[in-house]
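Add 2 to the 1-based position in the sequence shown for my numbering, that's all there is to it.
Virtual Cβ for every residue (Gly too), placed ideally from N, Cα, C.
Only a predicted model underlies this, so the values are computations on that prediction, with no experimental measurement involved.
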Amino acid sequence: MPRLEPGMARIRVKDLRLRTFIGIKEEEILNKQDVLINLTILYPASEAVDCNDIEHALNYRTITKAIIRHVEENRFALLERLTQEILDLVMANPSVRYAEVEVDKPHALRYAESVSITLTAHR
3 MPRLEPGMAR IRVKDLRLRT FIGIKEEEIL NKQDVLINLT ILYPASEAVD CNDIEHALNY
63 RTITKAIIRH VEENRFALLE RLTQEILDLV MANPSVRYAE VEVDKPHALR YAESVSITLT
123 AHR
């Protein structure tokens, strides 16, 4: 993860729990499962700090709502694809300089709490 430079802000969305169709086995294709999403977003926040106005800030609520809608309304065979599509949604905002998305699939393996994929992007 890049170092947090002066004037930059780090937003973290932790443990966003959603339900979606994820997987390749028949039971996974037929039944929604939980996924746990964690986001880290870096953006220049000097203007938001100076103005104290949401119009000058990165609205994490708007980004989160777009993620919720996308995840809950689509189907995914692979965690990699789901993670990349979430990352693309975050990076669609031109203010975002760096984003990291981790998606956990609880109980994907018999003896593990979860399996996760993490992808990053920057500009």
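query	result
What residues in its chain sit with their C-beta under 7 Å from that of Leu89, if we drop five residues either side in the sequence?	Ala101, Val103, Leu121 and Ala123
Leaving aside the five residues before and after Arg12 along the sequence, list all residues of the same chain whose C-beta is less than 6 Å from its C-beta, in chain order.	Leu6 and Leu44
Which whole-angstrom value describes the C-beta separation of Asn40 and Asp17, a residue pair presumed to lie in contact below a C-beta threshold of 8 Å?	7 Å
Using only alpha-carbon positions, find the residue among Leu38, Glu57 and Asp55 that is nearest to Ile69.	Leu38
Does DSSP put Ala68 in a helix, in a strand, or in coil?	helix
With a 10 Å radius around its C-beta and 16 neighbouring C-beta atoms as the bar for buried, classify Gly9 as buried or exposed.	exposed
If you compare alpha carbons, which of Lys107, Ser97 and Asn61 is closest to Leu80?	Lys107
List the endpoints of the continuous alpha helix (DSSP H) containing Met10.	Not the alpha helix (DSSP H): Met10 falls in the beta strand (DSSP E), residues Met10 to Ile24.
I'd like the ranges of any alpha helix (DSSP H) spanning at least 4 consecutive residues and lying wholly in the segment 31–115.	48–53, 62–75 and 81–93
With three or more beta-carbon pairs closer than 8 Å as the criterion, would you say the segment 61–68 touches the segment 83–98?	yes
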